[in-house]
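Participant: Below is a structure I'd like to ask you about.
2 protein chains.
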Amino acid sequence: MNISERKKRILRAVIEDYIATAEPVGSKTISKHAELNISPATIRNEMADLEAMGLLEQPYTSAGRIPSPGGYRFYVNELMEQHRLSLQETEHLNAALRLKTQELDRVITEATRVISKLTKYPSYAISAGPSHVTIRRFDLLQVEQQTFIVVVMTDTNIVKNKLLRLPADLSETQIHLLNRLLNTSFTGLTLEEITPDLMEMAKQAVGEAYALLTMVIAFATEVMREQETYAVHVSGLARLLEYPEYRDLERAQPLLAYLSEESALSALPKPDDSDVKIYIGPENVEGALQDTSVVVASYDIGENMRGLIGIVGPTRMDYAKIAARLYYFADGLTKLLGSGGDQTKRKK
Amino acid sequence: MNISERKKRILRAVIEDYIATAEPVGSKTISKHAELNISPATIRNEMADLEAMGLLEQPYTSAGRIPSPGGYRFYVNELMEQHRLSLQETEHLNAALRLKTQELDRVITEATRVISKLTKYPSYAISAGPSHVTIRRFDLLQVEQQTFIVVVMTDTNIVKNKLLRLPADLSETQIHLLNRLLNTSFTGLTLEEITPDLMEMAKQAVGEAYALLTMVIAFATEVMREQETYAVHVSGLARLLEYPEYRDLERAQPLLAYLSEESALSALPKPDDSDVKIYIGPENVEGALQDTSVVVASYDIGENMRGLIGIVGPTRMDYAKIAARLYYFADGLTKLLGSGGDQTKRKK
DNA sequence: GTTTAGCACTCGAGAGGAGAGAGTGCTAAA
DNA sequence: TTTAGCACTCTCTCCTCTCGAGTGCTAAAC
Numbered sequence: 631m632n633i634s635e636r637k638k639r640i641l642r643a644v645i646e647d648y649i650a651t652a653e654p655v656g657s658k659t660i661s662k663h664a665e666l667n668i669s670p671a672t673i674r675n676e677m678a679d680l681e682a683m684g685l686l687e688q689p690y691t692s693a694g695r696i697p698s699p700g701g702y703r704f705y706v707n708e709l710m711e712q713h714r715l716s717l718q719e720t721e722h723l724n725a726a727l728r729l730k731t732q733e734l735d736r737v738i739t740e741a742t743r744v745i746s747k748l749t750k751y752p753s754y755a756i757s758a759g760p761s762h763v764t765i766r767r768f769d770l771l772q773v774e775q776q777t778f779i780v781v782v783m784t785d786t787n788i789v790k791n792k793l794l795r796l797p798a799d800l801s802e803t804q805i806h807l808l809n810r811l812l813n814t815s816f817t818g819l820t821l822e823e824i825t826p827d828l829m830e831m832a833k834q835a836v837g838e839a840y841a842l843l844t845m846v847i848a849f850a851t852e853v854m855r856e857q858e859t860y861a862v863h864v865s866g867l868a869r870l871l872e873y874p875e876y877r878d879l880e881r882a883q884p885l886l887a888y889l890s891e892e893s894a895l896s897a898l899p900k901p902d903d904s905d906v907k908i909y910i911g912p913e914n915v916e917g918a919l920q921d922t923s924v925v926v927a928s929y930d931i932g933e934n935m936r937g938l939i940g941i942v943g944p945t946r947m948d949y950a951k952i953a954a955r956l957y958y959f960a961d962g963l964t965k966l967l968g969s970g971g972d973q974t975k976r977k978k
Numbered sequence: 631m632n633i634s635e636r637k638k639r640i641l642r643a644v645i646e647d648y649i650a651t652a653e654p655v656g657s658k659t660i661s662k663h664a665e666l667n668i669s670p671a672t673i674r675n676e677m678a679d680l681e682a683m684g685l686l687e688q689p690y691t692s693a694g695r696i697p698s699p700g701g702y703r704f705y706v707n708e709l710m711e712q713h714r715l716s717l718q719e720t721e722h723l724n725a726a727l728r729l730k731t732q733e734l735d736r737v738i739t740e741a742t743r744v745i746s747k748l749t750k751y752p753s754y755a756i757s758a759g760p761s762h763v764t765i766r767r768f769d770l771l772q773v774e775q776q777t778f779i780v781v782v783m784t785d786t787n788i789v790k791n792k793l794l795r796l797p798a799d800l801s802e803t804q805i806h807l808l809n810r811l812l813n814t815s816f817t818g819l820t821l822e823e824i825t826p827d828l829m830e831m832a833k834q835a836v837g838e839a840y841a842l843l844t845m846v847i848a849f850a851t852e853v854m855r856e857q858e859t860y861a862v863h864v865s866g867l868a869r870l871l872e873y874p875e876y877r878d879l880e881r882a883q884p885l886l887a888y889l890s891e892e893s894a895l896s897a898l899p900k901p902d903d904s905d906v907k908i909y910i911g912p913e914n915v916e917g918a919l920q921d922t923s924v925v926v927a928s929y930d931i932g933e934n935m936r937g938l939i940g941i942v943g944p945t946r947m948d949y950a951k952i953a954a955r956l957y958y959f960a961d962g963l964t965k966l967l968g969s970g971g972d973q974t975k976r977k978k
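Chains as they are written, first to last, in the working numbering: chain W, 631 to 978; chain U, 631 to 978.
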């Protein structure tokens, strides 16, 4: 696209003004920008050109201009300056990143909350697990005669436990035997490899302890399955209503309903590299998002796992600021959670 | 309050009609009720009386009547018939209660989602922990030379674990010593009882293993603190917008914002017995809830812990149906999670 | 050739008013 | 005590009108 420098200036001015005010921008308003010493009439001509190029739109004849999705795209690709976080902002983000070393779930929940608060848009996070998880290690701890804690550790270094109650006593040798069997025959297996045949064989081997074995294996498969699935979080939904574009309930409601449906969110775009991605209006495939923009960053949880954190809002948004914040935050999360960091942070 | 049988009939008719239509109810509409063979004029007289008693209201002169909060209260206390769940409804609820035996958190999250879907109102759940938690048992499992899994079990039978990495090697005797020290000197202590003095004494006792000890204790205190705090979940927020009373954004927005603020929710009423409680309009203390009703049931998680599950909606709601569903659901949750049930369900 | 001033024109937002309809309260009759 | 009749009230909806912002075009100025 070949665009004169002046047109670019005007386009940027329109977009930035519209981002700030949510009102269509007229030629007069633009002409007041000190850097552009041109009359409204000239600007009108230029704007007509920009409209013909598909970068601006008129809500109706003889209203001001607003940026079209294509205009935003051009802005994001070519005109947007790298926004730098203010000291205060980095401070806020850093404070948020000093999350307690809790379970991953909580870190993610907290992260969405913080990013939503910071950007003033609803935010969502999806953490995607690796496709095949196996158990690396089993431990059986006897608490009381018929009470055990089973601890399993996956090959992704996730440790989970559960309290089990048995209906009958077991001897110490039986427990020992079971422990060994678990750590020899059931480690390194994917979900599919735990077959009824295998269980049958194990039954022969452990005898009376089979009841406990099935409970342990049931738990292990639950953990594996859980690790392999997505976890979705949304925060700050209600903030959407603060924006004039969602003053109209007819418009706001379907979007809110869509964002409330966590299963739907997992279909949102998943960029695979670590850049911040921006999806503007119709660039989103989902119908409910046609009039909204999604800004999403991806972070590294380590061990084959990637997470996404993003925000959803009207196409009129300050992409520069938002993108910078998400980038900084995702980067921080990667450092906090990723392979480089302290493994213990990934417990749960 | 002394009210004639006929007045009660009329009040009930007004309330039930208003619940169904959300429109002020006129005398003509009521007179059409087959069971009440009285003319509109008579009904007008009666309604004027009911209004004088504060049970009905007129949005403006010469509109129909709508129930006042007091009217709803009277309805709930004296007129409401026990709603019986349909077979289909119990089926739905039962299916929902067959939740996976996952962590408590998840069960609660899932429960709010189900109840919100069923009632079509936003729902919330709060699980309150006991006020003093102590650690009953510590286990240290060595995974690799410098990697340990620490497993702690609270006196409320909650088991949690974490993966720890050490900067230096430890001998087997040191680990053994630490393990014993933990299980003798640190069990049964509340958060306040873990003093710097105690830590200092422990330092003398374990020597080099002190680094590991602090990590373990840090984790234990984190677990205790977590167990003692509330967990809040909200689901189905956007459903609020489906009701005509929230068509007006000015009205909907503050409420949505309030419900999004999880910390605010923990201030919601906490009934202490196991009945379903109903708080109508101004009976709620929170300003944002003045125009809404809260229906809440409490369920037993066992071991000193109680949870709440409730819904929030316009004062015009079908209290009978909602209360019945919540009651059934809370009862089911109690059976699933409570002292009577399988303790293993409470793992996490 | 480009830029600017002038001007008629367009279109939505918002104010104001008229009419319809639902429902009331009061009065008087049954 | 109940009911019918009737004047009255008040909101809701639709319509019209005006206002103003902003445009596109034309012609003059640079």
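C-beta: ideal position from N, C-alpha, C; glycine also.
Is U:Ile-847 close to chain W? Criterion is C-beta to C-beta, closer than 8 Å.
Facilitator: By one-based count along the second sequence, residue 847 of chain U stands at place 217. No - not a single Cβ of chain W is within 8 Å of the one on U:Ile-847.
Participant: Can you tell me which of the three DSSP states W:Arg-976 falls into?
Facilitator: Residue 976 of chain W sits at position 346 when you count from the first residue of the first sequence. Since pLDDT at W:Arg-976 reaches only 37, below the 50 mark, its modelled position is unreliable, and the value read off the structure follows with that caveat. DSSP places W:Arg-976 in helix when its eight states are reduced to three.
Participant: For U:Ala-894, which residues of its own chain have a beta-carbon under 6 Å away from its beta-carbon, when the five flanking residues on both sides are left out?
Facilitator: Reading the second sequence from its first residue, position 264 is the one you call residue 894 of chain U. These residues qualify, in order along the chain: Tyr-888.
Participant: At a CB-CB cut-off below 7 Å, which residues of chain W make contact with U:Asp-769?
Facilitator: Residue numbering aside, residue 769 of chain U sits at position 139 when the second sequence is read from its first letter. The contacting residues are Leu-771.
Participant: Closest to U:Ile-745 by CA distance: which of U:Met-935, U:Ala-927 and U:Thr-945 is it?
Facilitator: Numbered from its first residue, the second sequence carries residue 745 of chain U at position 115. Of the candidates U:Met-935, U:Ala-927 and U:Thr-945, the one whose C-alpha sits nearest the C-alpha of U:Ile-745 is U:Ala-927.
Participant: I'd like the span of the alpha helix (DSSP H) that includes W:Leu-879, first residue to last.
Facilitator: For the purposes of this step, residue 879 of chain W is taken as the residue at position 249 of the first sequence. Taken as a continuous stretch (DSSP letters only), the alpha helix (DSSP H) holding W:Leu-879 covers 879–890.
Participant: Against chain W, with Cβ distances strictly below 8 Å, would U:Met-783 count as a contact?
Facilitator: Along the second sequence, read from residue 1 onward, the residue named residue 783 of chain U stands at position 153. So, interface residue.
Participant: When DSSP labels each residue in this structure, what does W:Ala-693 get in the three-state scheme?
Facilitator: To locate residue 693 of chain W, count along the first sequence from 1; it is residue 63. DSSP places W:Ala-693 in coil when its eight states are reduced to three.
Participant: Going by the beta-carbon positions, is the gap between U:Val-940 and U:Ser-757 smaller than 8 Å?
Facilitator: One-based indexing of the second sequence puts residue 940 of chain U at position 310. One-based indexing of the second sequence puts residue 757 of chain U at position 127. Residue identity check: residue 940 of chain U is Gly in the sequence provided, not Val. No, the pair does not count as a contact, with Cβ atoms beyond the cut-off.
Participant: Which full runs of the beta strand (DSSP E) of 3+ residues lie inside the segment 902–974 of chain U, going along the chain?
Facilitator: Counting only runs of 3 or more, we get 907–910, 922–932 and 935–944.
Participant: Taking U:Tyr-876 as the reference, which of W:Tyr-873, W:Glu-880 and W:Pro-874 has the closest Cα?
Facilitator: Position 246 of the second sequence, counted from the first residue, corresponds to residue 876 of chain U. If we check each option's Cα against that of U:Tyr-876, W:Glu-880 comes out closest.
Participant: Roughly how many angstroms separate the alpha carbons of W:Phe-778 and W:Gly-837, rounded to a whole number?
Facilitator: Your numbering for residue 778 of chain W matches position 148 in the first sequence. Your numbering for residue 837 of chain W matches position 207 in the first sequence. Taking the straight line from one Cα to the other gives about 18 Å.
Participant: Where DSSP assigns a beta bridge to W:Ser-753, which residues make up the other side?
Facilitator: Residue 753 of chain W sits at position 123 when you count from the first residue of the first sequence. BP columns for W:Ser-753 point to W:Ser-865 and W:Ile-941.
Participant: Using DSSP with H/G/I as helix, E/B as strand and the rest coil, what is W:Asp-769?
Facilitator: Stepping through the first sequence from its first residue, residue 769 of chain W is reached at position 139. Reduced to three states, the DSSP call for W:Asp-769 is strand.
Participant: Assess, as a yes-or-no matter, whether the segment 749–769 of chain W is touched by the segment 853–865 of chain W under the definition of 3 or more beta carbon pairs within less than 8 Å.
Facilitator: Contact holds: three or more Cβ-Cβ distances are below 8 Å.
Participant: Roughly how far, in whole angstroms, is the beta-carbon of U:Gly-759 from the beta-carbon of U:Thr-859, given that I think they are within contact range, below 8 Å?
Facilitator: Mapped onto the second sequence, residue 759 of chain U falls at position 129. Mapped onto the second sequence, residue 859 of chain U falls at position 229. Indeed, because the Cβ distance is near 6 Å, the residues count as touching under 8 Å.
Participant: DSSP three-state label for W:Arg-728, please.
Facilitator: In the first sequence, the residue the question calls residue 728 of chain W occupies position 98. In this structure, W:Arg-728 counts as coil in the three-state DSSP scheme.
Participant: Are the C-beta atoms of W:Asn-809 and some chain U residue less than 8 Å apart?
Facilitator: Position 179 of the first sequence, counted from the first residue, corresponds to residue 809 of chain W. So, not an interface residue.
Participant: Could you pull out every unbroken alpha helix (DSSP H) segment of at least 4 residues lying fully inside the segment 758–817 of chain W, listed in chain order?
Facilitator: Segments of the alpha helix (DSSP H) lying fully in the segment 758–817 of chain W: 802–815.
Participant: With a threshold of 8 Å on Cβ separation, who are the neighbours of U:Leu-867 within its own chain once the five nearest residues in sequence on each side are excluded?
Facilitator: Taking the second sequence and counting its residues from 1, the one referred to as residue 867 of chain U is at position 237. The residues are Pro-752, Leu-886, Leu-889 and Ser-890.
Participant: Kindly say whether U:Ser-890, judged by its beta-carbon, lies nearer than 8 Å to any beta-carbon of chain W.
Facilitator: Here residue 890 of chain U refers to the residue found at position 260 of the second sequence. Yes, U:Ser-890 lies at the interface with chain W (some Cβ there is under 8 Å from its Cβ).
Participant: So is U:Ala-611 in contact with chain W if we call contact Cβ pairs under 8 Å?
Facilitator: Outside the displayed span of chain U (631 to 978) sits residue 611 of chain U, for which this structure offers no information.
Participant: Can you find a C-beta in chain W that's less than 8 Å from the C-beta of U:Val-789?
Facilitator: Residue numbering aside, residue 789 of chain U sits at position 159 when the second sequence is read from its first letter. Chain W, which has a Cβ nearer than 8 Å to the Cβ of U:Val-789, makes this yes.
Participant: Starting from the beta carbon of U:Ile-645, find every residue of chain W whose beta carbon is closer than 7 Å, and list them in chain order.
Facilitator: By 1-based counting over the second sequence, the position of residue 645 of chain U is 15. Simply none; closest approach about 27 Å.
Participant: Tell me where the alpha helix (DSSP H) around W:Gly-700 begins and ends.
Facilitator: Locating residue 700 of chain W in the first sequence gives position 70, counting from the first residue. Note, W:Gly-700: alpha helix (DSSP H), 699–704.
Participant: Just to confirm before moving on: does the CB-CB distance between W:Ile-952 and W:Thr-749 stay below 8 Å?
Facilitator: If you number the first sequence from 1, residue 952 of chain W lands on position 322. If you number the first sequence from 1, residue 749 of chain W lands on position 119. Cβ atoms of W:Ile-952 and W:Thr-749: closer than 8 Å.
Participant: Give me the Cβ distance between U:Tyr-648 and U:Arg-946, rounded to the nearest whole Å; I'm assuming they're in contact under 8 Å.
Facilitator: Taking the second sequence and counting its residues from 1, the one referred to as residue 648 of chain U is at position 18. Taking the second sequence and counting its residues from 1, the one referred to as residue 946 of chain U is at position 316. At roughly 6 Å, the Cβ-Cβ gap stays under 8 Å, so U:Tyr-648 and U:Arg-946 are in contact.
Participant: Taking the continuous alpha helix (DSSP H) assigned at W:Arg-674, which residues delimit it?
Facilitator: Numbered from 1 along the first sequence, position 44 holds the residue referred to as residue 674 of chain W. Here the alpha helix (DSSP H) through W:Arg-674 covers 670–682.
Participant: Let me see if you follow: with CB-CB separation under 8 Å, is U:Gln-834 close to chain W or not?
Facilitator: As a first step, residue 834 of chain U must be located in the second sequence, where it is residue number 204. No, because no Cβ of chain W sits closer than 8 Å to the Cβ of U:Gln-834.
Participant: Report yes or no: is there a C-beta of chain W within less than 8 Å of the C-beta of U:Ile-931?
Facilitator: Residue mapping note: residue 931 of chain U aligns to position 301 of the second sequence, counting from 1. It does not: the Cβ of U:Ile-931 has no partner Cβ on chain W nearer than 8 Å.
Participant: Determine the direct distance from the alpha carbon of U:Leu-727 to that of U:Leu-966, and round the result to whole angstroms.
Facilitator: Locating residue 966 of chain U in the second sequence gives position 336, counting from the first residue. Locating residue 727 of chain U in the second sequence gives position 97, counting from the first residue. Taking the straight line from one Cα to the other gives about 8 Å.
Participant: Start and end of the alpha helix (DSSP H) containing W:Ser-657?
Facilitator: In the first sequence, counting from the first residue as 1, residue 657 of chain W sits at position 27. Residues 657–661.
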